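Colleague: First residue of the sequence shown: 25, per our numbering; consecutive thereafter.
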Amino acid sequence: MKSVLIIAGLLFVSCAPAMVQFYPDDYYPEDKIYENKPLRFILNYSGNWRIYTDPNEMERGSRAFAKELQKSGLELLFIGATVEGFHGTRGIAVNLNEPAREYAEYIRRLNGDDVENDQGLTEFHAAENYMIKWVYDKSDFRFVEFFFNIETYDIRISFWTKPNLYDNFLPVFEQIMSTLSLTTGF
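#1: With a floor of 3 residues, list each beta strand (DSSP E) that falls wholly inside the region 143–200, ordered by position along the chain.
#2: Give every residue of the same chain whose Cβ lies closer than 7 Å to the Cβ of residue 36, excluding the five residues on either side of it in the sequence, and list them in chain order.
#3: Could you spell out the range, first to last residue, of the alpha helix (DSSP H) harbouring residue 126?
#4: What distance in whole Å lies between the Cβ atoms of residue 189 and residue 110, which are believed to be in contact at a cut-off of 8 Å?
#5: Name the one or two DSSP bridge partners that residue 118 has.
#6: So residue 156 and residue 171 are in contact, right, with Cβ under 8 Å, and what is the actual spacing, rounded?
#7: For the region 125–132 against the region 87–101, do three or more pairs of beta-carbon atoms, one drawn from each stretch, fall closer than 8 Å, so that the two count as touching?
#8: Would DSSP call residue 99 helix, strand or coil?
#9: Answer yes or no: do residue 50 and residue 77 have a C-beta to C-beta separation smaller than 7 Å?
#10: Could you tell me the alpha carbon to alpha carbon distance between residue 198 and residue 178, rounded to whole angstroms?
#11: In chain order, which continuous runs of the alpha helix (DSSP H) of length 4 or greater are located wholly inside the region 63–113?
#12: Name, in chain order, the residues that DSSP records as bridge partners for residue 51.
#13: Let's test the definition: count the other Cβ atoms within 10 Å of the Cβ of residue 52 and tell me whether it reaches 16, buried, or not, exposed.
#14: Excluding the 5 residues flanking residue 192 on each side, which residues of the same chain have their C-beta closer than 7 Å to its C-beta?
#15: According to the Cβ coordinates, are residue 161 and residue 140 closer than 7 Å?
#16: Is it true that the CB of residue 174 sits closer than 7 Å to the CB of residue 65?
#17: Report the residue from 148, 104, 183 whose alpha carbon sits nearest the alpha carbon of residue 224.
#18: How many whole angstroms separate the CB atoms of residue 85 and residue 181, which I take to be in contact at a CB cut-off of 8 Å?
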């Protein structure tokens with residue numbers, strides 16, 4: 025009986041509660057489609073990506089990052105990489121109702137100490153979707169982030185790769201962002 029209680033106690037302590045998502049979403053690898061119904065948008069990924077939308081299925085570092093973001097009211101929507109591991113992507117959302125440029129400037133200031141080779145903010149238009157694009161280097165990777173709004177939500181989609189691959193893949197990242205389509209709801 026005593027051993028049963030000890031095992032039950034260990035199981036209770038070792039089982040971490042599942043993270044609850046503010047904006048539950050899905051990635052359909054067979055169609056290469058990311059869909060977020062609560063935020064009402066879809067992205068089509070070209071290439072072969074492994075994208076995780078459920079923080080409970082993410083690797084430990086990404087899950088810890090998701091928890092940190094959630095403490096501040098932000099959500100890590102998804103994180104992933106190409107199957108070769110040469111390129112990464114992630115999406116973050118927050119309900120701040122800030123214009124895309126102001127939100128991008130805020131994130132840029134917030135991360136200023138960690139960023140190298142800041143190439144500034146530029147406008148990016150994908151069909152009818154206005155975005156702000158930010159390119160910078162950090163930890164031996166070149167990042168491009170796209171900031172946009174859907175109603176009151178500020179959304180940022182990031183891609184990264186090694187600097188020597190960046191020029192070849194920036195058009196791919198921009199093409200993915202050009203597939204952004206807004207949906208009408210559930």
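Think of the CB as a built atom: it goes at the ideal place given N, C-alpha and C, for glycine as much as any other residue.
None of the values given here were measured: they were computed from a predicted structure.
Modeller: On the basis of the coordinates in this document:
#1: 145–150, 153–162, 165–174, 177–185
#2: Per-residue confidence for residue 36 stands at a pLDDT of 41, beneath the threshold of 50, marking its modelled position as unreliable; no derived number is given.
#3: 124–134
#4: 6 Å
#5: 178
#6: 4 Å
#7: no
#8: strand
#9: yes
#10: 19 Å
#11: 84–95
#12: 58
#13: exposed
#14: none
#15: yes
#16: yes
#17: This structure leaves residue 224 out entirely; the chain is present only between 25 and 210.
#18: At roughly 19 Å, the Cβ-Cβ gap does not stay under 8 Å, so residue 85 and residue 181 are not in contact.
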